[in-house]
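Accompanying notes for the structure given below.
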Amino acid sequence: MLIKLNGADFEAPDGSSVSDLLRIKGVEPAHAVVEYNMVILKIEELDTIRLKMGDVVEVLRFVGGG
Amino acid sequence: MSGEDDVIDNLIIAGKKVRSRLITGSGKYRDESIIPQVLAAAECDIITVALRRVDFDNPSENILKNIPKGKILLPNTSGARNADEAVRIAHLARVMGCGDWIKIEVINDQRYLLPDNQETLKAVDILAREGFVVLPYMTPDLYAARRMVDAGAAAVMPLGSPIGTNRGLKTLELIEILVNEIKVPVIVDAGIGRPSHAAMAMETGVGAILLNTAIATSEDPVAMARAFKLAVEAGRMAYLAGMAAQSRTARASSPLTGFLDESGNHLKSGV
């Protein structure tokens, strides 16, 4: 199914969770924060939320900054 | 007072004692693996980071691995163009589990990267109510600074000159007014390019210096971090020691009596 991931189209496997998505993209959940349709997810919610078509997912992490 | 330990006093932000008055950023390093050495040389307690989308071409990239445990992490809201975006970024940063300190940075102008005090104030108001320790980056305007404090800012962070310019204390006289009038720490953030700029700012009584570019883009960031540490400490010590008065005409440092020629005529004649 097609979702919007960090501003770009992404074809996520049907039935995948947010956790699955992070695994596919190689992101360690403890080092990232996920915003799902503008709602910030707690780490324990990553497994329970199933992606659906048109979802907007932002995956962020800390980087160097001043 | 005697001995270095007695001379350097702690900085207190939101009731928390902070030993170092040098706050460093973690951006712009050619090689981020030297950040631990830089932090050790700077002996800083607070370090800033930014929040950005994960780069899926390099998904394991993690700045936190370069920041030793025990440091206070100060995420910024860079990228925010208004108060709502700053609040959104602050909420995301808090979920990362690294504390509730936040540097508010709201910028619309891309040429000079000057902060929008009005939108910044709105974000301070919201986030302070939510329990964040809020440090707003701002232009040094007295009325705006007072409003930031009334809204719950734990410190105010006026710029010395625009971000990344290394041009020093172009706003010094306005910053001095904040130091005199604002009861929370005044932290000079942005524009400090040289240790002498940092020392000069500290001599006026500002609480701390926040800088990134001047260390990160120097030829030897570890040595430069040490130089800034010493400059900040020297400036603070000088402020606490009470600066000697300036005058327009000379004041002899050696006694003007007891010359071999007791008449002192050689001085009067200018010889």
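Taken in order, these protein sequences are the chains called P and Y.
Note that this note's numbering has the first sequence beginning at 1, numbered continuously upward.
Note that this note's numbering has the second sequence beginning at 67, numbered continuously upward.
Even for Gly, the Cβ is constructed at its ideal location relative to N, Cα and C.
These figures come from a predicted structure and were not determined experimentally.
Below 8 Å on the Cβ atoms is my contact criterion, and I expect residue i with residue j to pass it. Report the Cβ-Cβ distance as a whole number of Å.
i	j	result
Y203 (chain Y)	K169 (chain Y)	6 Å
P29 (chain P)	I43 (chain P)	6 Å
V153 (chain Y)	L193 (chain Y)	6 Å
T279 (chain Y)	G230 (chain Y)	5 Å
V250 (chain Y)	A220 (chain Y)	6 Å
V288 (chain Y)	I113 (chain Y)	At roughly 15 Å, the Cβ-Cβ gap does not stay under 8 Å, so V288 (chain Y) and I113 (chain Y) are not in contact.
P228 (chain Y)	L179 (chain Y)	6 Å
V18 (chain P)	V33 (chain P)	That belief does not hold up - the Cβ atoms of V18 (chain P) and V33 (chain P) are roughly 11 Å apart, past 8 Å.
A264 (chain Y)	I258 (chain Y)	5 Å
R302 (chain Y)	I74 (chain Y)	6 Å
R119 (chain Y)	E58 (chain P)	7 Å
Just tell me which of the options has its CA closest to the CA of residue i.
i	options	result
G226 (chain Y)	Y:G218, Y:D207, Y:A217, Y:R213	Y:D207
F294 (chain Y)	Y:M266, Y:P261, Y:V104, Y:A300	Y:P261
K4 (chain P)	P:V56, P:K52, P:E28, P:V34	P:V56
I275 (chain Y)	Y:P287, Y:L296, Y:I253	Y:I253
N128 (chain Y)	Y:G136, Y:S320, Y:A149, Y:L117	Y:L117
I78 (chain Y)	Y:V222, Y:I155, Y:G197, Y:E196	Y:V222
A107 (chain Y)	Y:K249, Y:I281, Y:D216, Y:T205	Y:I281
R85 (chain Y)	Y:G273, Y:G165, Y:K94, Y:L187	Y:G273
K137 (chain Y)	Y:L158, Y:N148, Y:L105	Y:L105
F198 (chain Y)	Y:R314, Y:R213, Y:T231, Y:R160	Y:R160
K25 (chain P)	Y:N132, Y:M303, Y:D121	Y:D121
V63 (chain P)	P:H31, P:E35, P:L46, P:S16	P:H31
G7 (chain P)	P:L60, P:S16, P:G66	P:L60
A256 (chain Y)	Y:K94, Y:N232, Y:L306	Y:N232
A217 (chain Y)	Y:T114, Y:T315, Y:P102, Y:A189	Y:A189
R147 (chain Y)	Y:A156, Y:V172, Y:G259	Y:V172
A156 (chain Y)	Y:G301, Y:N132, Y:M266, Y:V115	Y:V115
E239 (chain Y)	Y:D286, Y:T205, Y:L201	Y:T205
S126 (chain Y)	P:R23, P:G65, P:F10, P:L2	P:R23
I248 (chain Y)	Y:L130, Y:A291, Y:R213, Y:N183	Y:R213
P181 (chain Y)	Y:A211, Y:A304, Y:M162	Y:A211
A304 (chain Y)	Y:R195, Y:R177, Y:T270	Y:T270
G163 (chain Y)	Y:K135, Y:T283, Y:N183	Y:K135
Give me the chain P residues within the contact set of residue i, using Cβ-Cβ distance strictly less than 9 Å, ordered along the chain.
i	result
R119 (chain Y)	N6, G7, E58, V59, L60, R61
A116 (chain Y)	F62, V63, G64, G65, G66
S227 (chain Y)	Per Cβ cutoff of 9 Å: no residues; S227 (chain Y) is ~14 Å from chain P at best.
L303 (chain Y)	Note that residue 303 (chain Y) is Met in the sequence shown here, rather than Leu. Ordered by position in chain P, no residue passes the 9 Å Cβ test against M303 (chain Y), which lies about 26 Å from the chain.
L130 (chain Y)	H31, R61, F62
S86 (chain Y)	In chain order: nothing, as chain P lies at least about 17 Å away.
P141 (chain Y)	F62, G65
F325 (chain Y)	Per Cβ cutoff of 9 Å: no residues; F325 (chain Y) is ~57 Å from chain P at best.
S144 (chain Y)	G65, G66
Residues of chain P with CB under 7 Å from residue i, in chain order?
i	result
N174 (chain Y)	Under the 7 Å cutoff, chain P gives no residues; its nearest Cβ is about 18 Å from N174 (chain Y).
H157 (chain Y)	I40
E98 (chain Y)	G64
P125 (chain Y)	K25, G26, V27
G91 (chain Y)	G65, G66
M162 (chain Y)	V33, F62
S319 (chain Y)	Going along chain P, no residue has its Cβ under 7 Å from S319 (chain Y), so there is no contact; the nearest lies around 42 Å.
Within 10 angstroms of its Cβ, does residue i collect 16 or more other Cβ (buried), or is it exposed?
i	result
S144 (chain Y)	buried
T48 (chain P)	exposed
K52 (chain P)	exposed
N37 (chain P)	exposed
S68 (chain Y)	Confidence at S68 (chain Y) is low in this model, with a pLDDT of 44, below 50, so its placement is unreliable and no value can be given for it.
N174 (chain Y)	exposed
N124 (chain Y)	exposed
R347 (chain Y)	It is not possible to answer for residue 347 (chain Y), since the shown part of chain Y is limited to 67 through 337.
S319 (chain Y)	exposed
N76 (chain Y)	exposed
P13 (chain P)	exposed
K83 (chain Y)	exposed
A297 (chain Y)	buried
P141 (chain Y)	buried
M309 (chain Y)	exposed
R50 (chain P)	exposed
S92 (chain Y)	buried
L139 (chain Y)	buried
L326 (chain Y)	exposed
D111 (chain Y)	buried
T323 (chain Y)	exposed
V337 (chain Y)	For V337 (chain Y), the predicted model reports a pLDDT of 47, less than 50, meaning its position is unreliable; a value from the coordinates is still stated below. Exposed, because fewer than 16 other Cβ atoms sit within 10 Å of the Cβ of V337 (chain Y).
G65 (chain P)	buried
R195 (chain Y)	exposed
Can you list the residues of chain P that residue i reaches, using a CB-CB cut of under 8 Å?
i	result
Y209 (chain Y)	The premise fails here: Y209 (chain Y) is roughly 26 Å from chain P at the closest Cβ pair, so nothing lies under 8 Å.
Y95 (chain Y)	G64
T279 (chain Y)	G66
F198 (chain Y)	Ordered by position in chain P, no residue passes the 8 Å Cβ test against F198 (chain Y), which lies about 15 Å from the chain.
S313 (chain Y)	Within 8 Å Cβ-Cβ: nothing; S313 (chain Y) doesn't reach chain P, min ~40 Å.
Residues of the segment 17-39 of chain P whose Cβ lies closer than 8 Å to any Cβ of chain Y, in chain order: Residues K25, G26, V27, E28, H31, A32, V33, E35.
Chain-ordered residues of the segment 270-297 of chain Y with a beta carbon less than 9 Å from chain P: Answer set for the segment 270-297 of chain Y: L276, L277, N278, T279, A282.
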